[in-house]
Structure formats: structure tokens, C-alpha cells
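In short: position in the sequence shown from 1, add 20, done, that's the numbering used here. By construction, the Cβ of each residue, glycine as well, lies at the ideal position given by its N, Cα and C atoms. No experiment lies behind these values; they were computed from the predicted model shown. One structure is given below, encoded as C-alpha cells.
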Amino acid sequence: LSELTLTTAMRTAATSVMVARRCARADSRVMAVIGNGAQSEFQALAFHLLMGIEEVRLFDVDPEATAKLVANLNAVAPALETTVCASAAQAVRGADIVTTVTADKTNATIITPEMLAPGMHVNGVGGDCPGKTELHADVLRAGAVFVEYEPQSRIEGDLQQMPADFAVTEFWRVLAGEVAGRTSPEQITVFDSVGFALEDFSALRLLRDLATELGLGRSIDLVPGMADPKNLFGELRMPAVTGLPEVLRAALAAA
Numbered sequence: 021l022s023e024l025t026l027t028t029a030m031r032t033a034a035t036s037v038m039v040a041r042r043c044a045r046a047d048s049r050v051m052a053v054i055g056n057g058a059q060s061e062f063q064a065l066a067f068h069l070l071m072g073i074e075e076v077r078l079f080d081v082d083p084e085a086t087a088k089l090v091a092n093l094n095a096v097a098p099a100l101e102t103t104v105c106a107s108a109a110q111a112v113r114g115a116d117i118v119t120t121v122t123a124d125k126t127n128a129t130i131i132t133p134e135m136l137a138p139g140m141h142v143n144g145v146g147g148d149c150p151g152k153t154e155l156h157a158d159v160l161r162a163g164a165v166f167v168e169y170e171p172q173s174r175i176e177g178d179l180q181q182m183p184a185d186f187a188v189t190e191f192w193r194v195l196a197g198e199v200a201g202r203t204s205p206e207q208i209t210v211f212d213s214v215g216f217a218l219e220d221f222s223a224l225r226l227l228r229d230l231a232t233e234l235g236l237g238r239s240i241d242l243v244p245g246m247a248d249p250k251n252l253f254g255e256l257r258m259p260a261v262t263g264l265p266e267v268l269r270a271a272l273a274a275a
């Protein structure tokens, strides 16, 4: 049983890196992060620690969000260079990987086709509900698009703006060796990240296993254990009843 706000941020970043390892260029060292809110630190740190990203180029319409991100990253990852940019286009310029993780629930076009460069990997994280997009449709048309679960992505992801026959690849097929991820250094790749229940389940299993290994937490019964499931009333262990309690009599009288 878990409240998943923090866990979601971590597993989303982990999934982004898992896809990027197969779809981004192995020599990627610069990442743009567009949207510097609640999930941005997790994305930046995951790519820094697991993909070797050395510089993050940052933009948000709220300067305070960017200042928060810079302060947090400088505190925990001093080797990661942070560059504050004046626009999304400036942040994307020179980036090998572009991560969009914005919050506004609108049909936006934060990344447009003229921002793309050969070999770029686009990690579209913020388009996660009907009516919310971050990528121009031509960005999706520009390269190979990978998704977690196609039926869900067509409703909630940036894919929602594309026709039903627009071709995408479910990423599990890459992991299974059925299809390739990146096929050339010049190829543009796009991960339309929506989030998928299996990712939450996997994260919870990991947390459970780690807690067990470290001796943390305690087990509770979500389904009650009863001496006699057919005698539910007997679980009350009530004394003999001689009349209604005063509080019930008062409530009935008021009704």
C-alpha cells in the first residue's frame, strides 16, 4: 500500500534512462530540460549518473522553478554543469537529448521541428493526459517513436494528436530483441512517455524487497484474519444490550 508521488518521479526518470540507453546516442553528453518543476531533478540526476550527461541546459517560464532546480542540482551533483537559458529553443540548441517535463495541461508545442538536429533523442515526459501535449506533430513524424503501451499512449500521450495508423514501437519489443532502438547515429528518436501501471508495480516490488533486506517497515493485514468468517457479528464481542445508548436516543429524537 503506497502513496506514489515520490515513487512516480523516480520510476519515471528510471524509465526515461532505460529507453535512452537504447534510443539515444551513446556519446550523448548534453541534455536540455524544458520544464523545471517537481520531476526535473529526478530526470537530470538519472541521466547524469546513469547516462553520463555532463551538462543540463535549463528553461522554464517560471524563473523561480529554474533557480530551485539549479540549487538542488548544485547541492547534490556539483560535477553536473547547469546552464540557464532564456528560451526553449536556446536550451535545445546543442543538446544531444531533450527532456520535456512541463506541467500545464494544454495542447502545447514546446518542441517544434526546426529545433531538431540529426541524432537527437527527445524524451517527452509531460504529455500524460488527454488534451495535454508538448511536441509538435512534425517532431513525431521526424523520427522513430517509442511508447510504453500503445493504446494508452494514443489517448494520453503526444501520440493523441496523430492519426490512428501512425506507426510507433512499444519499447518492450526493443528489450526483447524483436526490433532495434536507434539504428544510426543520425537518426532522430522520440520517447512518448506516459507512465504505465506495470512501472508502478515494479517500483513497489523493488521498495518492498529493499525494505525486507534492510529490515525496515512492518507487515500489516489488509484482509482481516477472523476466528470465524461466518460469524462476523461475533467479532464485536458486545456485552448484553439492555437499551439504546443515550447518544443514539438523542440522535433519533433529533431526526
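Query: For E154, report the span of its beta strand (DSSP E) as first-last.; Result: 153-155
Query: Can you tell me the Cα-Cα spacing of G197 and G139, whole angstroms?; Result: 22 Å
Query: State buried or exposed for M246, treating a residue as buried only when at least 16 other CB atoms are found within 10 Å of its CB.; Result: exposed
Query: Nearest CA to the CA of L136: which residue from D80, E61, G163?; Result: G163
Query: If I measure Cβ to Cβ from G57 and keep anything under 6 Å in the same chain, skipping five residues before and after, which residues do I get?; Result: A85, A123
Query: Please report how far the alpha carbon of N251 lies from the alpha carbon of V199, in whole angstroms.; Result: 57 Å
Query: Using the Cα positions of V39 and G235, report the straight-line distance between them to the nearest angstrom.; Result: 32 Å
Query: If you check the beta carbons only, do F67 and I73 fall under 8 Å apart?; Result: yes
Query: By Cβ distance below 8 Å, which residues in the same chain neighbour V214 in space, the five residues on each side in sequence not counted?; Result: G147, D148, V167, E168, Y169, Q172, S173, E176, G177
Query: Can you tell me whether A164 is helix, strand or coil according to DSSP?; Result: strand
Query: With a 10 Å radius around its C-beta and 16 neighbouring C-beta atoms as the bar for buried, classify S60 as buried or exposed.; Result: buried
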